[in-house]
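Input: a single structure, listed below in C-alpha cells.
Numbering (the UniProt record's numbering), first residue to last: 1 to 266.
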C-alpha cells in the first residue's frame with residue numbers, strides 16, 4: 001500500500017557519515033547518501049545557506065534531497081557543514097569566513113566526490129551557498145551548478161565571467177517573492193553568462209517553505225533527465241521517519257530575518 005511522502009519521510013538509501021579535509025587543515029563533517037542497490041547516475045554536492053543565520057547541511061531542502069533522491073532519482077547527495085557550522089551531525093572545525101576561507105571547503109567537497117568516483121557532479125547552492133558555487137565551483141570536475149535563491153551578495157561580475165568563459169551549465173531557481181533578488185533582476189544580472197538559465201518560481205519565497213518538491217523536481221530535471229517527473233509523492237515500500245524536531249529552536253526561517261551585508265560594490 002502506498003504511503004504519502006512527508007517532510008519527515010526517509011526513503012531507502014545507503015547513508016554514511018563522512019569527513020572532508022581542507023587544504024588549510026580543517027576537518028568538516030558531512031554525510032553521503034546513495035541508492036541502496038545500484039550506482040548513482042549523478043551526484044549533488046550541497047552548499048548550504050548562511051551559517052550565521054541558521055544555514056547548515058540539514059537546511060530543509062537539502063535534508064529532503066538526501067532522504068528522497070537516492071530512491072526516487074538514482075542520485076547521490078553529499079551534504080556537509082562549512083567551517084564553523086553545526087548541525088545534529090556535528091560541528092565543522094574553523095570559523096565562518098564570509099565566503100573567503102570557504103573556498104577550501106568547496107574544493108574539499110569536490111575533491112571528495114572525485115576521489116570516490118562519484119559520477120556527474122553537480123553543485124547545488126542555496127542562498128550563501130550559491131555565492132560559494134559561483135566563486136569557487138567552476139571546476140573541470142563539475143558538470144554544472146544549480147542555484148537556489150541566489151542573492152549575488154558575495155559573488156562578483158568577475159566570478160560570473162569565469163562561468164561565461166567556460167560554458168559550464170548554470171541554472172538559477174529564483175523565487176517570485178525572494179527577499180534579495182527576484183526573477184526580472186536575476187535575468188538582468190545573469191545575462192552576462194550566455195548559458196545561464198533563470199527559472200522564476202511563482203509564489204515562492206527565499207526559504208522555499210512549501211515549495212521543496214518543486215525545487216527537487218527542477219534539480220532532478222537537469223541532473224537526471226531520464227527520471228520520471230514530477231517525482232512521486234507516495235512510496236510503496238519501506239520507509240523510516242526522521243526527527244524533524246531537532247531544530248525547533250533553529251528554524252529554516254532564522255537565516256533570512258536579517259540580511260548580512262557583503263562586500264561593498266562600486
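Don't be surprised by glycine CBs; every beta carbon is placed ideally from N, CA and C.
On a predicted model such as this, the values are computed, not experimentally measured, just so you know.
Should residue i go down as buried or exposed, given a rule of 16 or more other Cβ atoms within 10 Å for buried?
i           : result
residue 1   : exposed
residue 229 : exposed
residue 48  : buried
residue 125 : buried
residue 31  : buried
residue 246 : exposed
residue 165 : exposed
residue 104 : buried
residue 327 : Residue 327 is absent from the structure shown; the chain starts at 1 and stops at 266.
residue 74  : buried
residue 94  : buried
residue 88  : exposed
residue 17  : exposed
residue 255 : Reliability of the predicted coordinates at residue 255 is poor, the pLDDT of 41 falling under 50, and the value obtained from them is presented with this limitation in mind. Looking at its Cβ environment, which holds 16 or more other Cβ atoms inside 10 Å, residue 255 is buried.
residue 115 : exposed
residue 141 : exposed
Which stretch, first to last residue, makes up the alpha helix (DSSP H) that contains residue i?
i           : result
residue 66  : 60-73
residue 53  : Here residue 53 belongs to no alpha helix (DSSP H), and DSSP marks it neither H nor E.
residue 160 : 157-166
residue 99  : Careful: residue 99 lies outside any alpha helix (DSSP H) and carries neither H nor E.
residue 222 : 212-223
residue 186 : 183-190
With respect to the beta strand (DSSP E) encompassing residue i, which residues constitute its N-terminal and C-terminal limits?
i           : result
residue 270 : The structure shown does not extend to residue 270, since the chain is modelled only from 1 to 266, so the question has no answer here.
residue 170 : 170-175
residue 197 : 196-201
Quick one: grab the DSSP three-state call for residue i.
i           : result
residue 27  : strand
residue 17  : strand
residue 152 : coil
residue 143 : strand
residue 107 : helix
residue 113 : helix
residue 131 : helix
residue 180 : coil
residue 246 : coil
Per DSSP, what are the beta-bridge partners of residue i in this structure?
i           : result
residue 33  : 15, 77
residue 234 : 4
residue 43  : 76, 121
residue 10  : 240
residue 90  : 87
residue 126 : 148
Report, in whole angstroms, the separation of the C-beta atoms of residue i and residue j, which I expect to be a contact under 8 angstroms.
i           : j           : result
residue 198 : residue 186 : 5 angstroms
residue 40  : residue 119 : 6 angstroms
residue 175 : residue 149 : 6 angstroms
residue 128 : residue 50  : 4 angstroms
residue 52  : residue 80  : That pair is no contact at about 17 angstroms.
residue 131 : residue 99  : 5 angstroms
residue 235 : residue 5   : 5 angstroms
With a threshold of 8 angstroms between beta carbons, is residue i in contact with chain D?
i           : result
residue 117 : The structure shown has no chain D; it contains just one protein chain.
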